[in-house]
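*Asks:*
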Amino acid sequence: MWRVPLDLPPQLLSALSAVLSVDEQARAARFRFDVHRTRFIAGRAVLRQLLARYVKICPEEVVFRYSEHGKPSLEGGAAESELRFNFSNAGGMGLAAIVLGREVGVDLEELKAVSDFSGIAERFFSPAENEVLLALPAPSRDAAFFTCWTRKEAYIKAVGEGLSIPLDSFDVTLAPGDPARLLATRGETGGEVRWSLHELHPGPGFVGALAVEAPAREVLCFDWEPPDA
Ligand SMILES: CC(C)(COP(=O)(O)OP(=O)(O)OC[C@H]1O[C@@H](n2cnc3c(N)ncnc32)[C@H](O)[C@@H]1OP(=O)(O)O)[C@@H](O)C(=O)NCCC(=O)NCCS
1 MWRVPLDLPP QLLSALSAVL SVDEQARAAR FRFDVHRTRF IAGRAVLRQL LARYVKICPE
61 EVVFRYSEHG KPSLEGGAAE SELRFNFSNA GGMGLAAIVL GREVGVDLEE LKAVSDFSGI
121 AERFFSPAEN EVLLALPAPS RDAAFFTCWT RKEAYIKAVG EGLSIPLDSF DVTLAPGDPA
181 RLLATRGETG GEVRWSLHEL HPGPGFVGAL AVEAPAREVL CFDWEPPDA
């Protein structure tokens with residue numbers, strides 16, 4: 001797991017952006033707000049650098065293909081490496097999960113107060129998850145809400161079929177202190193055995209979760225450092 005700062009100095013950003021493909025440059029140009037554009041460029045450029053280092057090619061030689069639901073994976077010669085990855089960003093931070101030979105999904109969110117959290121939870125979480133959430137003391141609920149959200153999103157991103165998986169068709173743990181776990185996957189037979197969930201600690205004010213195929217004993221976490229730091 002790589003933690004990546006996405007608000008980079010303009011000179012570094014401009015140097016890094018040279019590795020983006022034509023379609024990534026075009027996508028960057030379509031962002032309405034500069035902050036979203038520069039964070040996208042930083043995230044893509046660093047993701048390319050990280051993947052290139054693992055498969056021993058140049059960052060600009062990394063070719064992505066996209067599933068029907070938009071999940072990126074490696075294309076071309078690099079695909080033979082069996083390297084799988086997933087990316088998430090929030091509030092100026094990115095997380096790149098990189099694994100060999102197993103599907104993976106990662107989600108990062110900024111922890112903030114949610115005004116209508118019970119309405120949102122009712123819409124997005126399963127009945128079992130809502131029951132646990134509402135039974136918690138009020139001060140723990142915001143954190144538990146984001147814990148649930150990131151665990152669900154990490155699973156969805158690992159499977160890669162987007163929101164075609166009904167959000168109430170699986171249950172995750174969310175109570176403070178409960179180890180990250182998929183409790184039930186009603187849409188995928190044996191899903192709770194196929195996938196393992198992991199709580200991440202991305203930093204103060206952030207919540208993160210990782211879903212990876214088969215048990216992962218240890219999640220190694222690294223910080224990406226800008227080249228001239
Ligand atoms: C698009 C989606 C993958 C996540 O988007 P998000 O949370 O806004 O953004 P994140 O930063 O976590 O993830 C975006 C990255 O995921 C990857 N991604 C895109 N589509 C993906 C898919 N179908 N599966 C897995 N990964 C995907 C890409 O690398 C993307 O990075 P990029 O934008 O730089 O290309 C998707 O799950 C979604 O639309 N979720 C909606 C949110 C929601 O309702 N969640 C309910 C949780 S209870």
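If you read the sequence shown in the numbering used here, its first letter stands for residue 1, the second for the next number, and so on. No residue lacks a Cβ here, since even glycine has one placed at the ideal position from N, Cα and C.
1) Taking the alpha carbon of Gly162 as the reference point, which residue from Gly70, Asn86, Leu174, Leu95 has its own alpha carbon closest?
2) Where does Pro127 fall in DSSP's three states?
3) Just reading off the beta strand (DSSP E) that Trp2 is part of, what are its end residues?
4) For Gly177, tell me which candidate among Ala143, Ala158, Asp168 has the shortest Cα-Cα distance.
5) To the nearest angstrom, how far is it from the Cα of Asp23 to the Cα of Ala29?
6) Tell me which residue opens and which closes the beta strand (DSSP E) that Ala209 is part of.
7) List the endpoints of the continuous alpha helix (DSSP H) containing Asp178.
8) Under the DSSP definition of a beta bridge, which residues are partnered with Val231?
9) What's the gap between the Cα of Val62 and the Cα of Ser118?
10) On the CB-based measure, 16 or more other CB atoms within 10 Å of its CB, does Lys112 come out buried or exposed?
11) If you draw a straight line from the C-alpha of Phe145 to the C-alpha of Leu174, how long is it?
12) Per DSSP, which residues does Gly94 bridge with? Please list them.
13) Between the alpha carbons of Ser169 and Thr185, how many angstroms are there, rounded?
14) Please indicate yes or no: does the CB of Lys71 lie closer than 7 Å to some heavy atom of ligand 1?
15) Buried or exposed, going by whether 16 or more other CB atoms sit within 10 Å of the CB of Pro204?
*Replies:* In short, the structure shows the following:
1) The count along the sequence shown starts at 1 and reaches residue 162 at position 162. Residue Gly70 is the option with its Cα nearest to Gly162.
2) Stepping through the sequence shown from its first residue, residue 127 is reached at position 127. The three-state secondary structure of Pro127, taken from DSSP, is helix.
3) In the sequence shown, the residue the question calls residue 2 occupies position 2. Start and end: 2 to 5.
4) Locating residue 177 in the sequence shown gives position 177, where the first residue counts as 1. Just measuring C-alpha positions, the residue of Ala143, Ala158, Asp168 sitting nearest Gly177 is Ala143.
5) Within the sequence shown, numbered from 1, the residue matching residue 23 stands at position 23. Within the sequence shown, numbered from 1, the residue matching residue 29 stands at position 29. Distance between the alpha carbons of Asp23 and Ala29 is about 10 Å.
6) Position 209 of the sequence shown, counted from the first residue, corresponds to residue 209. Note, Ala209: beta strand (DSSP E), 206 to 213.
7) Working through the sequence shown from its first residue, we reach residue 178 at position 178. No alpha helix (DSSP H) contains Asp178, which DSSP labels as neither H nor E.
8) This structure cannot speak to residue 231, because the chain is shown only from 1 to 229.
9) Taking the sequence shown and counting its residues from 1, one reaches residue 62 at position 62. Taking the sequence shown and counting its residues from 1, one reaches residue 118 at position 118. Cα atoms of Val62 and Ser118: separation of roughly 42 Å, rounded to the nearest angstrom.
10) Within the sequence shown, numbered from 1, the residue matching residue 112 stands at position 112. It is exposed - the Cβ of Lys112 has fewer than 16 other Cβ atoms within 10 Å.
11) As a position in the sequence shown, residue 145 is number 145, starting the count at 1. As a position in the sequence shown, residue 174 is number 174, starting the count at 1. One C-alpha to the other measures close to 7 Å.
12) Looking up residue 94 in the sequence shown gives position 94. Answer is Val4, Asn89.
13) Here residue 169 refers to the residue found at position 169 when the sequence shown is read from its first residue. Here residue 185 refers to the residue found at position 185 when the sequence shown is read from its first residue. In this structure, the straight-line span from the alpha carbon of Ser169 to that of Thr185 is close to 6 Å.
14) For the purposes of this step, residue 71 is taken as the residue at position 71 of the sequence shown. Relative to ligand 1, the beta carbon of Lys71 is positioned inside 7 Å of a heavy atom.
15) The residue given as residue 204 occupies position 204 in the sequence shown. Exposed.
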